[in-house]
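Peer 1: Below you will find the structure I want to go over with you.
Numbering (the working numbering), first residue to last: 31 to 263.
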């Protein structure tokens, strides 16, 4: 079976684990791409991990002239609705907008919703609308990888009332909400999915953080020279 995508091949070895309680830093030959920590229960072993893709959160982008651009003149409102894959239901966040709501005001109001996060920034792209508002899904119920067809993993819907309507109509999707997809020990017929880039549970006592794809093998080794107690990078 041939793979048509960039993969991360990771080989890691855990050696000389102490009998004391605590977590150990695991040395990585490419810590910018993958890192790990090991607990006392981790056994000496060598594992091959092949990463098809990293996990991504569904993200949408809106473009504006500036952060102080007014989006309303009178009062308005909006709803952000998220489809729930596991239950075929939805949950929504409904918020009112005061008169003369700016882009940065809208971001603050959106951040009061429990399942999304809004960030504003200047893209510096030289366009007439260089200021961006991005909205990212931060919570999900059930796996999103049930439909792996590109363009099918969007679960957020934006509904506006009043002037805010035109803002939501111009929303541009940036990333689909997709799970990380990896293969273990060369078994390309049995992909394993994770809803984050922190891989836990497949190797007892070892937490692996996927950071970015690379075409070079990455070796992870228990580092005896480091402090015993540590946290994930």
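Glycine included, each C-beta is placed from N, C-alpha and C at the ideal position.
For residue 121, which residues does DSSP report across the bridge?
Peer 2: Position 91 of the chain shown, counting from 1, holds the residue named residue 121. Answer is 112, bridged to residue 121.
Peer 1: Could you tell me whether the stretch 188-199 touches the stretch 62-81, where touching means 3 or more Cβ pairs closer than 8 Å?
Peer 2: no
Peer 1: If you pair each beta-carbon of the stretch 100-115 with each one of the stretch 77-87, do three or more pairs fall below 8 Å?
Peer 2: no
Peer 1: Count the CB pairs spanning the stretch 137-150 and the stretch 216-223 that are closer than 8 Å, and state whether there are at least three.
Peer 2: Segments in contact, no.
Peer 1: Given a cut-off of 7 Å on the beta-carbon distance, is the pair residue 242 and residue 63 in contact?
Peer 2: In the chain shown, counting from the first residue as 1, residue 242 sits at position 212. In the chain shown, counting from the first residue as 1, residue 63 sits at position 33. Taking 7 Å as the Cβ cut-off, residue 242 and residue 63 qualify as a contacting pair.
Peer 1: If you draw a straight line from the C-alpha of residue 137 to the C-alpha of residue 122, how long is it?
Peer 2: Within the chain shown, numbered from 1, the residue matching residue 137 stands at position 107. Within the chain shown, numbered from 1, the residue matching residue 122 stands at position 92. Their backbone Cα atoms lie some 17 Å apart in a straight line.
Peer 1: Assign residue 131 to buried or exposed, taking buried as 16 or more other Cβ atoms, counted over all protein chains shown, within 10 Å of its Cβ.
Peer 2: Within the chain shown, the letter at position 101 stands for residue 131. Buried: at least 16 other Cβ atoms inside 10 Å.
Peer 1: What are the boundary residues of the beta strand (DSSP E) that includes residue 82?
Peer 2: Taking the first residue of the chain shown as position 1, residue 82 is located at position 52. Note, residue 82: beta strand (DSSP E), 76-83.
Peer 1: Would you check if the distance between the CB atom of residue 94 and the CB atom of residue 190 is smaller than 7 Å?
Peer 2: Within the chain shown, residue 94 is the residue found at index 64, counting from 1. Within the chain shown, residue 190 is the residue found at index 160, counting from 1. No, they are not a contact pair.
Peer 1: Any idea what DSSP makes of residue 89, helix, strand or coil?
Peer 2: Mapped onto the chain shown, residue 89 falls at position 59. Strand, per DSSP.
Peer 1: Let me make sure I understand the geometry here. Which of 225, 186, 163, 167 has the alpha-carbon closest to that of residue 92?
Peer 2: Taking the chain shown and counting its residues from 1, one reaches residue 92 at position 62. Nearest option by C-alpha distance: 163.
Peer 1: Residue 232: buried (16+ other C-beta within 10 angstroms of its C-beta) or exposed?
Peer 2: Position 202 of the chain shown, counted from the start, is the residue given in the question as residue 232. The residue is exposed, with fewer than 16 neighbouring Cβ atoms inside 10 Å.
Peer 1: Quick one: what's residue 203 bridged to in DSSP?
Peer 2: Counted from its first residue, the chain shown places residue 203 at position 173. Paired residues: 90.
Peer 1: Since I believe residue 161 is in contact with residue 97 (beta carbons under 8 Å), could you give me their beta-carbon distance rounded to a whole number of angstroms?
Peer 2: What you label residue 97 is simply residue 67 of the chain shown in a count that begins at 1. What you label residue 161 is simply residue 131 of the chain shown in a count that begins at 1. Correct: roughly 5 Å between the Cβ atoms.
Peer 1: In three-state DSSP terms, what is residue 72?
Peer 2: By one-based count along the chain shown, residue 72 stands at place 42. Note: residue 72 maps to coil in three-state DSSP.
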